[in-house]
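Let me begin by presenting the structure, written as structure tokens, before commenting on it.
In the working numbering, the protein residues as written are 15 to 904.
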């Protein structure tokens with residue numbers, strides 16, 4: 015059989031198109047036909063009588079390739095007998111808006127259809143028309159109309175019906191005898207009203223030529239164009255631990271999600287967004303409350319297990335002595351992380367003592383274990399060793415510092431003396447899975463989707479790092495550069511990813527992670543998507559994020575400084591500038607004591623740090639062994655500042671390549687330079703951070719993100735906040751990732767507030783995130799800013815109220831609801847802020863996280879129960895009314 019491929023694609027000199035099929039390992043170069051089309055004819059061997067799968071690949075003049083988005087291109091060859099095929103195609107850009115409607119959230123929840131499967135039959139017609147229309151309603155069907163008798167002469171009462179076949183709507187027509195060119199369009203047919211409701215927008219589609227007697231033409235017409243079809247939804251964002259129900263045990267649980275779904279559905283919301291739900295129990299103390307430092311990127315947190323459901327009727331007696339304690343925990347204003355986790359584990363162990371390892375014979379568990387063994391077995395072993403050796407720092411374990419599969423297999427042998435001790439962790443994960451899956455199924459039945467959160471990094475002492483340390487740069491720490499929320503930057507302590515090693519097996523770890531997440535989530539937020547372009551990498555001897563640098567990056571060289579007329583003085587540019595004036599500015603009256611204890615006198619009135627205090631980590635260790643007084647804190651922070659008082663940082667210890675220190679202009683080292691030197695340095699600094707890296711970072715992102723997008727069908731939102739390179743918006747648009755738009759964090763330079771009405775369609779708008787104060791809290795933080803917002807954004811005259819009145823909060827909510835974005839998602843606190851009687855008295859009690867504080871206790875909890883929230887008819891009615899009026903309702 016001969017197949018001729020034609021695709022409309024305009025290229026420039028040196029660019030080309032390739033065709034990748036399932037019949038060959040390497041793509042085949044197509045032939046340039048004219049300014050509009052590329053073509054290729056393939057003679058298929060007789061052995062290829064099944065299905066032909068294919069994709070188009072673009073290659074630029076440098077040999078760099080980009081693959082079109084997977085639109086399910088396949089041809090069932092048997093359907094066409096021995097005929098010659100001509101396939102007329104289009105290029106499917108991954109960033110095309112309609113592709114979002116083929117994601118799991120829409121296909122399985124919002125736009126789920128019950129179309130009967132189409133059986134393939136031998137084609138006797140001359141043409142097969144295929145088009146995609148993922149966003150039409152369940153009552154709508156596609157049909158075809160056009161000029162000529164074969165296409166029913168545009169008769170709106172008698173269109174040619176089309177049937178759904180996978181992603182495509184298709185119909186077969188014999189127009190071989192028709193006169194060409196033929197104009198045609200796709201249209202919508204209401205199956206209930208039995209009438210045509212809409213034609214495609216724009217000009218007619220044109221078919222210029224017919225098919226030969228022994229040829230069938232397959233027209234892949236891309237997406238049907240119905241601009242009146244739009245889809246916008248509203249959602250609620252809340253951590254699981256923050257949920258409060260009358261029956262939970264001091265902390266939110268997976269079994270509370272159905273009640274949240276009931277409330278959200280009653281308000282006509284369509285999505286629930288959660289923070290990471292993975293196991294963070296590294297120390298079993300409150301410091302584990304940070305949800306972005308999981309000891310496993312796969313395992314669920316035992317904190318969210320409903321122990322009443324675990325015990326069931328059979329073991330209900332176990333719970334009797336704990337109910338009073340549980341009630342006290344549940345009445346607390348905030349989560350008591352340690353007490354809740356300890357209580358649950360005590361009950362888990364008692365139930366497990368009764369149940370034992372019988373669950374291994376359950377058919378449902380066996381299926382679950384088979385699919386999840388790749389992470390579940392190492393995780394269970396890791397938890398066993400954590401208990402055995404008294405901590406998760408596997409570098410300090412007396413044995414088993416490295417993962418060995420044979421050791422884990424031996425532990426999981428039913429004859430092993432440790433089998434029951436390791437099996438309990440699998441027992442807990444199985445029940446967590448069952449409880450979460452049951453909640454997810456309920457959420458879906460209510461017509462809501464569930465959105466998860468993927469942290470940018472992994473915990474340094476996690477099972478993931480123990481299992482495959484080669485996937486991570488264990489000698490580095492990930493973080494974020496300084497911003498208005500953390501003036502010294504953020505140091506998350508996570509190792510950075512070894513992307514080169516991950517790429518060797520096609521990002522298998524990410525594929526497995528997405529696959530497991532998709533069991534529960536329909537969409538997810540990539541925390542700090544900027545890390546896929548470049549990560550803020552901090553050396554292990556630094557405490558503050560301010561001493562980091564972007565990796566990868568194009569470094570500056572000593573020769574560049576010489577070329578700029580500056581020469582190169584390593585001591586002046588790369589070591590801390592410490593003078594008497596600097597010491598006085600930082601330490602005041604303590605300056606002399608600092609000289610005596612921590613510094614050595616140098617030349618020309620300069621000082622150097624003693625070798626035992628040369629790094630921030632050394633200073634941290636020194637003061638950790640001393641009383642935590644205000645004086646010691648001041649000295650420690652001052653020494654941190656001295657160590658960070660540099661202009662350049664070495665790159666990978668190479669003596670001739672450097673990175674500029676972030677915030678160089680604010681350092682006293684810079685301020686003490688000659689004005690002309692400062693001017694040249696500033697130009698080089700701006701070029702380094704804002705110009706020279708852009709194409710390089712885009713290339714690095716495109717090495718990873720397309721492959722990761724293909725690894726999942728979940729809807730992807732990227733958290734693209736902070737110091738955003740210019741290339742980021744273009745890459746996200748190209749790949750169809752939803753951006754995050756926040757009113758008080760505008761991405762466009764020179765403006766103070768982002769206007770939600772200017773949000774792109776593929777975006778999420780929200781007035782605040784878990785890393786920020788709520789709308790009410792922000793209002794009280796900066797009077798000048800809230801006054802400007804009051805006058806410029808809200809359009810109000812006069813002085814702004816000191817407190818954020820409910821009507822102000824409500825206006826902010828309305829601005830976001832009426833944005834053109836696909837999603838408007840709100841923290842529950844921001845919605846409650848519109849009701850003066852329902853909301854908390856103090857907005858400070860509503861905040862979830864303070865990024866500037868690495869030791870923040872994540873313990874915010876709803877102040878009323880989900881059951882009582884459901885009864886707040888006035889409040890719920892207002893929310894529902896606003897959502898419906900904005901066009902985001904059902």
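Backbone N, C-alpha and C fix where the C-beta goes; we use that ideal spot for every residue, glycine too.
According to DSSP, residues forming a beta bridge with residue i
{"i": "residue 692", "result": "None, per the DSSP bridge assignment."}
{"i": "residue 261", "result": "Its beta-bridge partners do not exist; DSSP assigns none."}
{"i": "residue 98", "result": "229"}
{"i": "residue 161", "result": "The partner list for residue 161 (beta bridge, DSSP) is empty, contrary to what the question assumes."}
{"i": "residue 146", "result": "237"}
{"i": "residue 167", "result": "Its beta-bridge partners do not exist; DSSP assigns none."}
{"i": "residue 212", "result": "202"}
{"i": "residue 103", "result": "21"}
Three-state class that DSSP yields for residue i in the structure shown
{"i": "residue 818", "result": "coil"}
{"i": "residue 750", "result": "coil"}
{"i": "residue 469", "result": "coil"}
{"i": "residue 17", "result": "strand"}
{"i": "residue 891", "result": "helix"}
{"i": "residue 716", "result": "helix"}
{"i": "residue 882", "result": "helix"}
{"i": "residue 129", "result": "coil"}
{"i": "residue 47", "result": "coil"}
{"i": "residue 541", "result": "coil"}
{"i": "residue 310", "result": "coil"}
{"i": "residue 770", "result": "helix"}
{"i": "residue 458", "result": "helix"}
{"i": "residue 202", "result": "strand"}
{"i": "residue 301", "result": "helix"}
{"i": "residue 2", "result": "Limits of the chain in this structure are 15 at one end and 904 at the other, which puts residue 2 out of reach."}
{"i": "residue 567", "result": "coil"}
{"i": "residue 219", "result": "strand"}
{"i": "residue 77", "result": "coil"}
{"i": "residue 559", "result": "helix"}
{"i": "residue 730", "result": "strand"}
{"i": "residue 393", "result": "helix"}
Length of the line joining the Cα atoms of residue i and residue j
{"i": "residue 374", "j": "residue 840", "result": "42 Å"}
{"i": "residue 645", "j": "residue 858", "result": "28 Å"}
{"i": "residue 601", "j": "residue 608", "result": "8 Å"}
{"i": "residue 712", "j": "residue 537", "result": "24 Å"}
{"i": "residue 662", "j": "residue 684", "result": "11 Å"}
{"i": "residue 604", "j": "residue 651", "result": "13 Å"}
{"i": "residue 156", "j": "residue 41", "result": "34 Å"}
{"i": "residue 895", "j": "residue 274", "result": "19 Å"}
{"i": "residue 359", "j": "residue 105", "result": "54 Å"}
{"i": "residue 659", "j": "residue 867", "result": "22 Å"}
{"i": "residue 185", "j": "residue 754", "result": "40 Å"}
{"i": "residue 703", "j": "residue 666", "result": "18 Å"}
{"i": "residue 343", "j": "residue 357", "result": "10 Å"}
{"i": "residue 893", "j": "residue 846", "result": "9 Å"}
{"i": "residue 559", "j": "residue 630", "result": "11 Å"}
{"i": "residue 451", "j": "residue 821", "result": "39 Å"}
{"i": "residue 508", "j": "residue 489", "result": "10 Å"}
* Asked: Does the stretch 661 to 680 come within contact of the stretch 562 to 572, defined as at least 3 CB pairs closer than 8 Å?
  -> yes
* Asked: Can you list the alpha helix (DSSP H) stretches of 4 or more residues lying completely in the stretch 314 to 381, in chain order?
  -> 321 to 325, 337 to 345, 351 to 369
* Asked: How do the stretch 431 to 445 and the stretch 382 to 401 stand: do at least 3 beta-carbon pairs fall below 8 Å, yes or no?
  -> yes
* To do: Check whether the stretch 870 to 877 touches the stretch 255 to 265, taking contact to mean three or more Cβ pairs, one atom from each stretch, closer than 8 Å.
  => yes
* In chain order, which beta strand (DSSP E) runs of at least 3 residues are fully inside the stretch 787 to 857? -> 837 to 841
* Asked: Is there contact here, the stretch 259 to 274 with the stretch 307 to 325, by at least three beta-carbon pairs under 8 Å?
  -> yes
* To do: Say whether the stretch 792 to 804 touches the stretch 754 to 768, bearing in mind that this needs 3 or more beta-carbon pairs closer than 8 Å, one atom from each stretch.
  => yes
* To do: Would you check if there are 3 or more beta carbon pairs closer than 8 Å linking the stretch 528 to 543 to the stretch 575 to 584?
  => no
* To do: Please determine if the stretch 65 to 76 and the stretch 18 to 32 are in contact, where contact requires at least 3 C-beta pairs separated by less than 8 Å.
  => yes
* Which full runs of the alpha helix (DSSP H) of 4+ residues lie inside the stretch 641 to 690, going along the chain? -> 644 to 657, 682 to 685
* Asked: Taking contact to mean at least 3 C-beta pairs separated by less than 8 Å, is the stretch 765 to 784 in contact with the stretch 738 to 752?
  -> yes
* Take every Cβ of the stretch 280 to 298, pair it with every Cβ of the stretch 244 to 251, and state whether three or more of those distances are shorter than 8 Å. => yes
* Is there contact here, the stretch 687 to 699 with the stretch 494 to 504, by at least three beta-carbon pairs under 8 Å? -> no
* Residue ranges of each alpha helix (DSSP H) within the stretch 481 to 526, 4 or longer -> 513 to 518
* Asked: Do the stretch 420 to 434 and the stretch 393 to 411 meet, that is, are 3 or more Cβ pairs less than 8 Å apart?
  -> yes
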